[in-house]
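The structure appears right after this line, and notes come after that.
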Amino acid sequence: MSDHVTVPLRSERLDLEPLRIEHAAEMAVVLGDPSLHTFIGGAPASEDALRARYARMLAGSLDPEVSWCNWVLRSHAESVLTGTVQATLFPAAPTSPSGGRSAEVAWVVGTDWQGRGFASEAARTLVAWLRTRDVTLVVAHVHPAHRASAAVAAAAGLSPTDVRQDGEVRWELCLPRG
């Protein structure tokens, strides 16, 4: 599965740039608001901690069948980073009737850029890219009280299921193969 290379993507208002360690300084500011951790727990990471995390992410999964694809979001208008989007790609989805690959997606947009639709735009762009990668099942996990994140999942075409994992609702989108 190592054929999945994170490539630059572009939407109407955003460039989705493949993650680099050099993004850590700016992302430490973007992700520095403790309120971003309301639903996921923890606290903002320092620049050094992000550098270390990004180095691990860029090294890739220890499982050769799993690909980690990570982007930072850059606003065209402001030419600043505003958040991240990511997809973890897995081999054939056991619950997908067409047998294609599955992807788990996630997103975060810094507090200063929330409410502008950036997360929804980035998530839709990511799902469109996944369609070209033989992905037939897209999954996201959203805290049941996180209405904004649920709106992003819905905007990207995902629907909530009855499945819960670690207290979060599993959202899914089945894509046709090919």
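The numbering of the sequence shown is numbering that gives the first Met the number 0, which starts it at 0 and goes up by one. We put the beta carbon where it would ideally sit given N, CA and C, even for glycine.
Spatially closest choice to residue i from the options, by CA coordinates
i: Ser10; options: Ala152, Glu120, Ala155, Gln164; result: Glu120
i: Val104; options: Asp111, Leu88, Arg55; result: Leu88
i: Pro17; options: Phe38, Tyr53, Gly156, Ser60; result: Tyr53
i: Val108; options: Gly41, Arg163, Gln85, Trp170; result: Gln85
i: Met26; options: Asp111, Asp165, Thr37; result: Asp111
i: Glu21; options: Leu49, Thr5, Ile39, Leu15; result: Leu49
Separation of residue j from residue i, as counted between CA atoms
i: Ala76; j: Arg12; result: 7 Å
i: Gly82; j: Asp47; result: 18 Å
i: Ser148; j: Arg115; result: 13 Å
i: Arg146; j: Ala91; result: 30 Å
i: Ser1; j: Leu57; result: Because Ser1 carries a pLDDT of 47, less than 50, the predicted location of this residue cannot be relied on, and no value is offered for it.
i: Ala127; j: Val137; result: 11 Å
i: Ala139; j: Gly31; result: 23 Å
i: Cys68; j: Ser60; result: 10 Å
i: Pro159; j: Ala150; result: 11 Å
i: Arg55; j: Arg176; result: 31 Å
i: Val65; j: Gln113; result: 30 Å
i: Ala44; j: Ala118; result: 20 Å
Terminal residues of the beta strand (DSSP E) in which residue i lies
i: Glu103; result: 100-108
i: Arg163; result: 158-164
Residues that residue i bridges to, as DSSP identifies them
i: Pro17; result: Trp70
i: His140; result: Arg169
i: Thr83; result: Val71, Val107
i: Arg9; result: Asp14
i: Val134; result: Arg100
Check whether residue i and residue j have beta carbons under 9 Å apart
i: Val141; j: Ala152; result: yes
i: Leu157; j: Arg130; result: no
i: Arg132; j: Arg100; result: yes
i: Trp106; j: Leu80; result: no
i: Leu72; j: Leu35; result: no
i: Arg123; j: Ala154; result: yes
Min CB distance residue i to chain C below 9 Å
i: Leu129; result: Among the protein chains of the structure shown there is no chain C, as only one such chain exists.
Residue range of the alpha helix (DSSP H) that includes residue i
i: Asp47; result: 46-58
i: Ala24; result: 23-29
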